[in-house]
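All remarks here apply to the structure that follows.
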Amino acid sequence: MMTMEEKVLLLAMLKKEENETLRDILAILESSRVFTMKEGRRLVKGLKKGGYIEENELTLKGSAAARSAEEEFRL
């Protein structure tokens with residue numbers, strides 16, 4: 001089961017602007033007080049290990065999880 005923070009991170013990656021990097025996304029989420037930069041890096045590491053992120057981009061598995069989170073948040 002994914003945490004709310006992991007879902008928010010994946011969704012932010014799905015909705016990112018073309019010129020935004022993963023570091024930019026972490027900084028945005030940190031400034032929004034979703035998590036600290038240290039927590040964000042820990043989440044990214046776990047998502048990479050889980051196969052959701054590869055080379056700082058979403059994998060197919062990550063995209064599917066992000067879309068699922070998007071539907072969940074719409075409710």
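In my numbering, the protein residues as written are 1 to 75. The beta-carbon is built from N, C-alpha and C at its ideal position, and this holds for glycine as well. Computed from a predicted structure; not experimentally measured.
1) Spatial neighbours of F35 within its chain, please: CB distance less than 6 Å, with the 5 preceding and 5 following residues excluded, ordered by chain position.
2) Kindly indicate the opening and closing residues of the alpha helix (DSSP H) around V34.
3) Excluding five sequence neighbours on each side, which residues of the same chain lie with their C-beta closer than 7 Å to the C-beta of G51?
4) Out of curiosity, what's the CA-to-CA distance linking A12 and K38?
5) In the DSSP output, what is I53 paired with across the bridge?
From the atom records:
1) Around F35, the same chain offers E5 as residues with beta carbons nearer than 6 Å, after the five sequence neighbours per side are excluded.
2) V34: not part of any alpha helix (DSSP H); DSSP gives it neither H nor E.
3) If the five residues before and after G51 are omitted, its C-beta is found closer than 7 Å to the C-beta atoms of T59 and K61, all from its own chain and listed in chain order.
4) About 17 Å.
5) For I53, which the question treats as bridged, DSSP gives the partners L58.
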